[in-house]
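In the numbering used here, the protein residues as written are 1 to 530.
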């Protein structure tokens, strides 16, 4: 009997205070299925007041009970997810304001409705990833602000979005500020730019128009060079113009603003022959060849948009010809295909002509002798330049040029990059600059041809022939993660139309009328009036 009574006491599900045979006060109750166990306050046979409900899997709730139900403020630990909730409950469910701490470190603080995040709340998913706004059934829905970091969908740190959400995705009108400085304002669909919107990119590009699946509808894909003829014929020492357009696959101009475009030139790449002076060191110092659609690679060649004088001596020819000589333009474009050597011979002829003209007096006086007087001092370069009709500045420039070491030319600044304006860039003063010292393609060509060392003037001049104009998209950072395809144009460099200097002959120098007048003047002075 005693053993039976002891067994009956152990099977008793409730141990605690009672009143009128009902659980009332503090007690512990083990449910029949043995999964639930309650410890806490009772009233009239129901859980009421503060208590703790434990489940067999380790989950438990501790907080307020009202008439047998979990109601009011409490704390719940979820054993399966190790999440912890502190806040309001209604009929056993998270309902009202509460804070949920997740195992991965995420924290939600805000409104709940029947165990779901709903209403206004703040969700922190990383150190800098924070959403503040409206929720619906655990999802961001309605208006809200999201700050991203790299832990959320691999988006860049510091991006910030303000706008509308549907089913946890950006949807509708919104604004996105990117950490790199880019800014988008417009429509979103399924987390992507979609509809009417304006992007002000960190690189300076501004696009306003329609977007589909995160990209502009009329996004530029290539650069197109617009010139009067192909190949473009340019003249040595004369500027030329080019126009560049940003176009899409339908060959339509895309009215972008601010895309950074670079223009450069190239000359055919030549590999030095084994055994040449450059063969051993060329691999370490040469520029990387650039492939072209013309069947060969090129290396960069100086291209400038700054004005410069091709030769100071040409100015001297023009100035002196106004006094004693006569300049004529040869309409016959001789030497188009004859190469550089004939051009250099013409430069030598021009130089000799300058010297001849400079040594001829402007006027011959009867009192002057044919040659310089004995003991006379040689004229300075400035005086000679003045006699030749060249101003002091040009003379100084010429003297400075002569004082340079042979083979050294002044390096001009490269052509400036330009931002696109409505999808167009234009350059109006482009020129091929003199080559840098020991420009390798020219040196290799001369070695192959077995040519002798050229004069300083010859080394400072660009060679006649083919050059390649290259236009690149150098926008940084690249717009929408990609750059436009480059454009290429063949240039044919030719010498300018020849200028022929005609030296005055003896007959042209002798002015008969002037000498007769001078003779008559002497005669009158010998026989004065009586």
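Backbone N, C-alpha and C define an ideal beta-carbon position, used for all residues, glycine too.
Residue 298: member of the beta strand (DSSP E) spanning 297 to 301, first to last residue. In this structure, residue 122 sits away from residue 92, with a CB-CB distance that is not shorter than 9 angstroms. Apart from sequence neighbours up to five positions away, the residues of its chain that approach residue 116 with a beta-carbon distance below 7 angstroms are 137 and 138, ordered along the chain. Comparing alpha carbon positions, the residue from 126, 271, 33 and 178 closest to residue 159 is 178. In the displayed model, residue 111 falls within a strand according to three-state DSSP. Secondary structure within the region 202 to 241: the beta strand (DSSP E) runs of 3 or more consecutive residues, fully enclosed, are 206 to 212, 222 to 226 and 232 to 235 (chain order). The beta carbon of residue 182 sits closer than 6 angstroms to the beta carbons of 201 and 202 from its chain, once the five residues preceding and following it are set aside; these are given in chain order. Counting along the chain, the unbroken beta strand (DSSP E) around residue 134 starts and ends at 130 to 136. For residue 205, the CB contacts under 6 angstroms within the same chain, skipping 5 residues up- and downstream, are 256, 258, 259 and 479 in chain order. Exclusion of the five residues before and after residue 429 leaves 239, 305 and 307 as the residues of its chain whose Cβ lies within less than 7 angstroms of its Cβ. Closest in alpha carbon position to residue 163, among 186, 148, 180 and 149, is 186.
Out of 14, 141, 118 and 105, the CA that lies nearest to the CA of residue 129 is found in 105. When secondary structure is reduced to three states using DSSP, residue 306 falls in the coil class, being assigned neither helix nor strand.
Taking a C-beta distance under 9 angstroms as the contact criterion, residue 225 and residue 424 do not qualify as a contact pair. Counting only residues of its own chain and dropping the five nearest sequence neighbours on each side, residue 484 has a CB closer than 8 angstroms to the CB of 220, 221, 222, 223, 246, 259 and 473. Annotation: the continuous beta strand (DSSP E) that includes residue 425 extends over 424 to 432. Around residue 48, the same chain offers 41, 42, 65, 66, 67 and 68 as residues with beta carbons nearer than 8 angstroms, after the five sequence neighbours per side are excluded. In this structure, the straight-line span from the alpha carbon of residue 44 to that of residue 26 is close to 12 angstroms.
Per the C-alpha coordinates, the member of 131, 465, 292 and 299 positioned closest to residue 436 is 299. Residue 511 has its alpha-carbon roughly 54 angstroms from the corresponding atom of residue 447. In the three-state reduction of the DSSP assignment, residue 481 falls in the helix class, which pools H, G and I. Between residue 149 and residue 94, the alpha-carbon positions lie close to 29 angstroms from each other.
By the neighbour-count criterion, in which 16 or more other beta carbons inside 10 Å mark a residue as buried, residue 22 falls on the exposed side. In the three-state scheme derived from DSSP, where H, G and I count as helix and E and B as strand, residue 256 is classed as coil.
Residue 418 sits away from residue 303, with the two beta carbons spaced by 9 angstroms or more. Uninterrupted beta strand (DSSP E) stretches at least 3 residues long and entirely within the region 174 to 202 occur at 183 to 189 and 192 to 200, given in chain order.
Residue pairing from DSSP places residue 489 in a beta bridge opposite 469.
Residue 433 counts as buried, since no fewer than 16 other beta carbons sit within 10 angstroms of its beta carbon. Secondary structure of residue 167 (DSSP, three-state): coil. Put simply, of 73, 46 and 83 the residue whose alpha carbon is nearest the alpha carbon of residue 58 is 83.
Excluding sequence positions up to five before and after residue 412, its CB lies within less than 8 angstroms of the CB of 302, 304, 306, 308, 433 and 434, all in the same chain and listed in chain order. For residue 41, the uninterrupted beta strand (DSSP E) run begins and ends at 36 to 43, by DSSP.
C-alpha of residue 297 to C-alpha of residue 444: approximately 15 angstroms in a straight line. Inclusion of residue 491 and residue 469 in the CB contact set at 9 angstroms is warranted, their separation being smaller than that value.
In this structure, the beta-carbon distance from residue 188 to residue 171 falls below 9 angstroms.
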